[in-house]
Amino acid sequence: MQLTKFLVTFLLPLGILALPAPEEVVEARDADSELQVSSEAAAAQGTSDNNDAPAKLFARDRYCRINGSGRVNCRTCASTSCSAPYYVQGGDWYNFDCAVYGQPIYGNPVWVRLVYEGCYVSAYYTDAGCTYESLGGC
15 MQLTKFLVTF
25 LLPLGILALP
35 APEEVVEARD
45 ADSELQVSSE
55 AAAAQGTSDN
65 NDAPAKLFAR
75 DRYCRINGSG
85 RVNCRTCAST
95 SCSAPYYVQG
105 GDWYNFDCAV
115 YGQPIYGNPV
125 WVRLVYEGCY
135 VSAYYTDAGC
145 TYESLGGC
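Just add 14 to the spot in the sequence shown (first one is 1) and you have this note's numbering.
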C-alpha cells in the first residue's frame, strides 16, 4: 500500500510534466526567438573560406580568454562600423564557435563569433588558441 501511494504521489506529476507542449506554444516560442538581422549586419558579415579541409570539418567550439582587463566590444558583424550590442570582459573565458575574415584590427583580420550572442570579437583581443584554423569558418 505504501508503494502505491509513493508511486501515485511522485511519479504521476512527473509523468504529466513529461508530456509534450502543444504545437501552438512551440510555434509562438520559436517565432519570438528568431533573430532580427539588420541590413548593416547582412552587408558586412565578413567572409569565410569553408571547404572540405579536415581541420575545418572537425572544428569545435573553443573557450578562449579575452586579453587585457578592459571591456571589448562584441559586434553584429566583422567590422568596427557595425553596432556593438554586447561586450566581453578582459580576463574572462568565452565560448567561440567559428571565425570569419573582416576588417583588420592592428593587422589581424580574423573575427571570432561568440556562441550564445552570435556577435563577433576581433581575434586580436583573444588568446593565441583562438585562431581561424582552430575554429574553422562560419
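Glycine included, C-beta positions come from ideal geometry on N, C-alpha and C. Just so you know, these numbers come straight off a predicted model, no measurement behind them.
Problem - Close beta carbons around residue 86, own chain, < 7 Å, minus the five adjacent residues each side - result: For the purposes of this step, residue 86 is taken as residue 72 along the sequence shown, with counting starting at 1. In its chain, beyond the 5 residues on either side, 80, 101, 102, 104, 135, 139 have a beta carbon closer than 7 Å to the beta carbon of residue 86.
Practice task
Using three-state DSSP, classify residue 140 as helix, strand or coil.
Solution key: Counted from its first residue, the sequence shown places residue 140 at position 126. Looking at residue 140 - three-state DSSP - the assignment turns out to be strand.
Handout entry: Whether residue 88 touches residue 141 by CB criterion (8 Å)
Key = For the purposes of this step, residue 88 is identified with residue 74 of the sequence shown, where counting begins at 1. For the purposes of this step, residue 141 is identified with residue 127 of the sequence shown, where counting begins at 1. Cβ atoms of residue 88 and residue 141: not closer than 8 Å.
Exercise for the section: With distances taken Cα to Cα, identify the nearest neighbour of residue 98 among 132, 110, 109, 18. Expected result: Counted from its first residue, the sequence shown places residue 98 at position 84. Here the closest residue by C-alpha is 132.
Practice task
Just tell me which of 90, 84, 110 has its CA closest to the CA of residue 195.
Solution key: What is shown of the chain runs 15 to 152, which leaves residue 195 out entirely.
Handout entry: In chain order, each beta strand (DSSP E) run of at least 3 residues that lies wholly inside the stretch 74-127
Key = Correct list: 76-79, 85-88, 100-103, 107-119.
Handout entry: Burial state of residue 143, where buried means 16 or more other Cβ atoms lie within 10 Å
Key = The sequence position of residue 143 within the sequence shown is 129, counting from 1. Counting Cβ neighbours within 10 Å, residue 143 comes out exposed, since fewer than 16 surround it.
Practice task
Quick one: give me the first and last residue of the alpha helix (DSSP H) that residue 147 is part of.
Solution key: Here residue 147 refers to the residue found at position 133 of the sequence shown. 146-149 is the extent of the alpha helix (DSSP H) around residue 147.
Exercise for the section: Determine the contact status of residue 127 and residue 96, defining contact as a CB-CB distance below 8 Å. Expected result: Taking the sequence shown and counting its residues from 1, one reaches residue 127 at position 113. Taking the sequence shown and counting its residues from 1, one reaches residue 96 at position 82. No. Outside cutoff.
Exercise for the section: Mind checking who residue 134 pairs with in its DSSP beta bridge? Expected result: Here residue 134 refers to the residue found at position 120 of the sequence shown. Answer is 89, 127, bridged to residue 134.
Exercise for the section: In angstroms with no decimal places, state the Cα-to-Cα distance between residue 150 and residue 112. Expected result: Here residue 150 is taken as the residue at index 136 of the sequence shown, counted from 1. Here residue 112 is taken as the residue at index 98 of the sequence shown, counted from 1. Going by the C-alpha atoms only, they are around 5 Å apart.
Problem - Assigned exposure category for residue 90 - 16 Cβ within 10 Å defines buried - result: Here residue 90 corresponds to residue number 76 of the sequence shown, with the count starting at 1. The residue in question, residue 90, is buried, as its Cβ has 16 or more Cβ neighbours within 10 Å.
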